Amino acid sequence: MATDTLKRTPGAGGATSGLRRLLLENGALTALIVLVIAMSALSGDFLTTDNLLNVGVQAAVTAVLAFGVTFVIVSAGIDLSVGSVAALSATVLAWTATSHGVPVFIAVLLAVATGIAAGLVNGFLIAYGKLPPFIATLAMLSVARGLSLVISEGSPIPFPDSVSHLGDTLGGWLPVPVLVMIVMGLIAAFVLGRTYIGRSMYAIGGNEEAARLSGLRVKKQKLAIYALSGVFAAVAGIVLASRLSSAQPQAADGYELDAIAAVVIGGASLAGGTGKASGTLIGALILAVLRNGLNLLNVSAFWQQVVIGVVIALAVLFDTLRRKAGATPSAAGASPGGKGKQAGTYALAAVVTVAIVGATSFLHNGSSASADRKMGLSLSTLNNPFFVQIRAGAMAEAKKQGVDLTVTDAQNDASQQANQLQNFTSSGVGAIIVNPVDSDAASNSVKAADKADIPVIAVDRGVNDARTDALVASDNVAGGELAAKSIAEKLGGKGKIVILQGQAGTSAARERAQGFENGLKAFPGIQVVAQQPADFDRTKGLDVMSNLLQAHPDVRGVIAANDEMALGAIKALGSKAGKSVSVVGFDGTPDGLKAVEGGSLYASVAQQPTQLGRIAVDNALKALDGEKVRQTVKVPVKVVTKENVAGFSG
Numbered sequence: 006m007a008t009d010t011l012k013r014t015p016g017a018g019g020a021t022s023g024l025r026r027l028l029l030e031n032g033a034l035t036a037l038i039v040l041v042i043a044m045s046a047l048s049g050d051f052l053t054t055d056n057l058l059n060v061g062v063q064a065a066v067t068a069v070l071a072f073g074v075t076f077v078i079v080s081a082g083i084d085l086s087v088g089s090v091a092a093l094s095a096t097v098l099a100w101t102a103t104s105h106g107v108p109v110f111i112a113v114l115l116a117v118a119t120g121i122a123a124g125l126v127n128g129f130l131i132a133y134g135k136l137p138p139f140i141a142t143l144a145m146l147s148v149a150r151g152l153s154l155v156i157s158e159g160s161p162i163p164f165p166d167s168v169s170h171l172g173d174t175l176g177g178w179l180p181v182p183v184l185v186m187i188v189m190g191l192i193a194a195f196v197l198g199r200t201y202i203g204r205s206m207y208a209i210g211g212n213e214e215a216a217r218l219s220g221l222r223v224k225k226q227k228l229a230i231y232a233l234s235g236v237f238a239a240v241a242g243i244v245l246a247s248r249l250s251s252a253q254p255q256a257a258d259g260y261e262l263d264a265i266a267a268v269v270i271g272g273a274s275l276a277g278g279t280g281k282a283s284g285t286l287i288g289a290l291i292l293a294v295l296r297n298g299l300n301l302l303n304v305s306a307f308w309q310q311v312v313i314g315v316v317i318a319l320a321v322l323f324d325t326l327r328r329k330a331g332a333t334p335s336a337a338g339a340s341p342g343g344k345g346k347q348a349g350t351y352a353l354a355a356v357v358t359v360a361i362v363g364a365t366s367f368l369h370n371g372s373s374a375s376a377d378r379k380m381g382l383s384l385s386t387l388n389n390p391f392f393v394q395i396r397a398g399a400m401a402e403a404k405k406q407g408v409d410l411t412v413t414d415a416q417n418d419a420s421q422q423a424n425q426l427q428n429f430t431s432s433g434v435g436a437i438i439v440n441p442v443d444s445d446a447a448s449n450s451v452k453a454a455d456k457a458d459i460p461v462i463a464v465d466r467g468v469n470d471a472r473t474d475a476l477v478a479s480d481n482v483a484g485g486e487l488a489a490k491s492i493a494e495k496l497g498g499k500g501k502i503v504i505l506q507g508q509a510g511t512s513a514a515r516e517r518a519q520g521f522e523n524g525l526k527a528f529p530g531i532q533v534v535a536q537q538p539a540d541f542d543r544t545k546g547l548d549v550m551s552n553l554l555q556a557h558p559d560v561r562g563v564i565a566a567n568d569e570m571a572l573g574a575i576k577a578l579g580s581k582a583g584k585s586v587s588v589v590g591f592d593g594t595p596d597g598l599k600a601v602e603g604g605s606l607y608a609s610v611a612q613q614p615t616q617l618g619r620i621a622v623d624n625a626l627k628a629l630d631g632e633k634v635r636q637t638v639k640v641p642v643k644v645v646t647k648e649n650v651a652g653f654s655g
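So for the sequence shown, the working numbering puts the first residue at 6; every next one is plus one.
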């Protein structure tokens with residue numbers, strides 16, 4: 006039965022061949038050592054106890070997910086649903102415990118049962134329904150995410166305090182997520198190496214037909230394999246929600262790709278038959294070290310994606326070269342001293358790493374002397390012109406004031422933003438500016454910064470249940486009311502309209518939707534015939550509006566929760582836009598203002614994002630210097646139409 010312990014091919018010999026074999030057998034570990042040494046040399050903030058613990062915490066959720074995915078990949082399958090199953094399991098726990106009064110212990114069991122059920126459905130579709138694993142788990146990805154949104158109604162659900170301790174630390178320094186990662190890793194290693202089902206995974210992945218002919222009940226084993234993947238996904242979801250103090254319906258979006266990447270980087274083959282828990286852990290740590298180090302080095306989030314993609318491609322290429330070099334899987338148990346040899350290799354690697362890293366630390370003596378002039382800005386996304394303008398305003402003000410500003414992109418992922426805020430805190434920046442993905446999810450990270458005496462300024466959206474020195478924002482609810490009033494007055498107080506909502510679960514989408522609802526109450530003649538989310542995205546705005554026009558061809562107005570969706574709706578409306586159908590957007594982005602000037606967009610509720618960024622940096626500096634800052638700094642919103650667009654500056 007195959008494992009991933011590699012044998013030297015006949016004829017290989019000599020010191021060079023031995024070194025080559027050592028590198029081939031431990032490629033992921035070698036890569037991790039090189040990364041740690043490189044990051045230590047490049048950044049004086051990397052090699053600190055707090056930051057290394059951050060790396061462990063940031064690797065935890067991906068690692069736990071990846072342990073479950075390891076079972077599937079070893080058996081020559083794939084599971085694309087683990088991120089959505091994690092979100093669904095956490096949502097079930099929070100929903101049952103807080104909304105329905107179910108005892109927390111029972112709620113945890115229900116969450117785990119949810120993961121098992123999702124895994125069993127995957128396994129049944131694959132084993133008995135003969136669906137390709139890619140298709141079956143892709144369907145579950147969509148189903149689980151949809152159920153999470155349905156149960157939560159698109160809003161985060163507070164997590165029970167007794168479970169939220171999973172996101173805390175023991176003794177004030179040892180993070181619980183790291184302990185959970187270690188425990189789940191040991192369980193995964195035990196299952197793979199010491200159980201019947203573990204041996205079955207290698208057999209099925211090595212040659213499914215041979216495994217069946219040898220008497221293995223392949224279909225039942227696949228059910229168990231995918232159920233195990235579901236259990237690990239549920240645990241990962243609970244840990245993630247604990248860190249964020251809330252179950253986020255959009256949590257762990259895209260994490261399935263990180264989990265698969267960790268398994269592949271760790272030495273497993275997508276063809277099946279090879280893989281181990283220790284390799285998967287190393288793969289998850291490589292991804293965490295990359296993201297952490299690149300954040301500390303102020304590398305653009307866009308380039309971070311490029312780097313991680315290159316690392317994954319190199320990992321697969323390395324696997325191909327390893328096979329061509331003649332490194333072949335050995336039979337299980339063929340190398341009795343393999344475990345001791347592997348432990349010795351890891352111990353030697355640790356000693357070498359500590360020695361080299363210790364030497365490089367001398368390069369950074371006194372590197373934090375100017376930390377008080379360093380700031381970190383974590384934006385919810387840079388895939389939106391509004392937030393790009395906030396960044397532009399902040400960077401311009403920082404340059405003017407002589408401040409070293411590091412900007413990160415959370416990509417609408419509350420967990421990724423929590424990681425970025427942790428990195429800022431451990432690197433000792435003078436102040437932090439945060440534009441929360443979600444107001445509840447950012448609270449724990451902001452509390453940690455406050456505990457470290459680092460001033461925190463919130464921009465555009467506030468942070469719930471945590472103290473910030475100031476909130477620099479326009480009022481989303483008030484802006485929504487202005488948008489509703491503008492469209493209603495344009496239509497003379499009567500007519501059918503549709504509303505394009507933002508990304509479900511985000512505070513901006515909820516607040517603007519509330520403003521639309523409040524504003525339309527004064528106009529009973531306005532009939533809202535449809536409300537659909539288009540995720541703040543222009544392409545989705547185009548698609549959703551095209552669909553709605555089929556059912557409501559007589560619509561006379563459109564309110565969009567941002568300019569991007571409004572521009573998509575204009576494209577769908579074609580010649581009707583600005584003539585028989587009036588469209589109102591939100592944000593006052595350059596493209597939106599250009600459409601207002603051209604007449605296709607009737608109005609945009611402009612928030613002056615450049616001013617938001619500039620004022621946020623200015624208030625952060627005041628807080629750093631001990632000056633008193635206002636708790637709330639309001640930047641007025643303004644309805645921009647064709648009549649006043651020429652004199653408007655965001």
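Beta carbons: idealized from backbone N, C-alpha and C, even for Gly. Small disclaimer: the values here were computed from a predicted structure and weren't measured.
Cβ-based burial, residue i [other Cβ within 10 Å; buried from 16]
| i | result |
| --- | --- |
| G18 | Confidence is the limiting factor: at G18 the pLDDT is only 48, short of 50, which leaves the residue's position unreliable, though a coordinate-based value still follows. Result: exposed. |
| P182 | buried |
| P341 | Because the pLDDT of P341 is 42, which lies under 50, any placement of that residue in the model is unreliable, and the number read from its coordinates should be weighed accordingly. Exposed is the call here. |
| V155 | exposed |
| V439 | buried |
| Y201 | exposed |
| V188 | exposed |
| G530 | exposed |
| L382 | buried |
| G371 | Any reading at G371 must be qualified, since the residue scores a pLDDT of 46, below 50, and its modelled position is unreliable; the value itself is stated next. With fewer than 16 other Cβ atoms within 10 Å, it is exposed. |
| K227 | buried |
| A339 | Any reading at A339 must be qualified, since the residue scores a pLDDT of 38, below 50, and its modelled position is unreliable; no value is offered. |
Under 8 Å between C-beta atoms of residue i and residue j
| i | j | result |
| --- | --- | --- |
| G546 | V642 | no |
| F164 | A252 | yes |
| T413 | A306 | yes |
| L505 | V549 | yes |
| P538 | A509 | yes |
| K501 | D559 | yes |
| A535 | V503 | yes |
| R515 | S153 | no |
| T67 | A318 | no |
| A282 | A208 | no |
| D166 | G433 | no |
| D477 | N624 | Reading the sequence as shown, one finds Val at residue 477 and not Asp. The answer is yes: Cβ separation under 8 Å. |
| L98 | I243 | yes |
| L617 | A436 | no |
| S420 | R248 | yes |
Unbroken beta strand (DSSP E) run spanning residue i, endpoints
| i | result |
| --- | --- |
| F541 | Careful: F541 lies outside any beta strand (DSSP E) and carries neither H nor E. |
| L384 | 379–384 |
| G562 | 562–565 |
| A436 | 436–439 |
Close beta carbons around residue i, own chain, < 6 Å, minus the five adjacent residues each side
| i | result |
| --- | --- |
| K639 | none |
| I287 | A33, L34, L37, G271 |
| G583 | G604, S605 |
| T75 | V268, G280, T285 |
| D470 | S448 |
Beta-carbon contacts of residue i that lie in its chain and below 7 Å, excluding the five residues immediately before and after
| i | result |
| --- | --- |
| T53 | S431 |
| T615 | Q394, A397, G398, G655 |
| S48 | G298, L301, L302 |
| I492 | I502, G562, I564, S587, V589 |
Span of the alpha helix (DSSP H), counted from its first residue to its last, around residue i
| i | result |
| --- | --- |
| A144 | 138–157 |
| D592 | No alpha helix (DSSP H) holds D592; the beta strand (DSSP E) holding it covers 587–592. |
| V601 | 595–603 |
| T285 | 282–301 |
| K576 | 568–578 |
Bridge partner(s) assigned by DSSP for residue i
| i | result |
| --- | --- |
| T411 | G381 |
| I531 | G500 |
| L175 | L179 |
| S444 | None; S444 has no bridge partner. |
| A475 | I462 |
| V196 | Answer is none; V196 lacks a bridge partner. |
| P163 | S251 |
| Q226 | BP columns for Q226 are empty, so no partner. |
beta-carbon residue i near the ligand GDP non-hydrogen atom, thresh 7 Å
| i | result |
| --- | --- |
| V126 | This structure lacks the ligand GDP; in fact it carries no ligand of any kind. |
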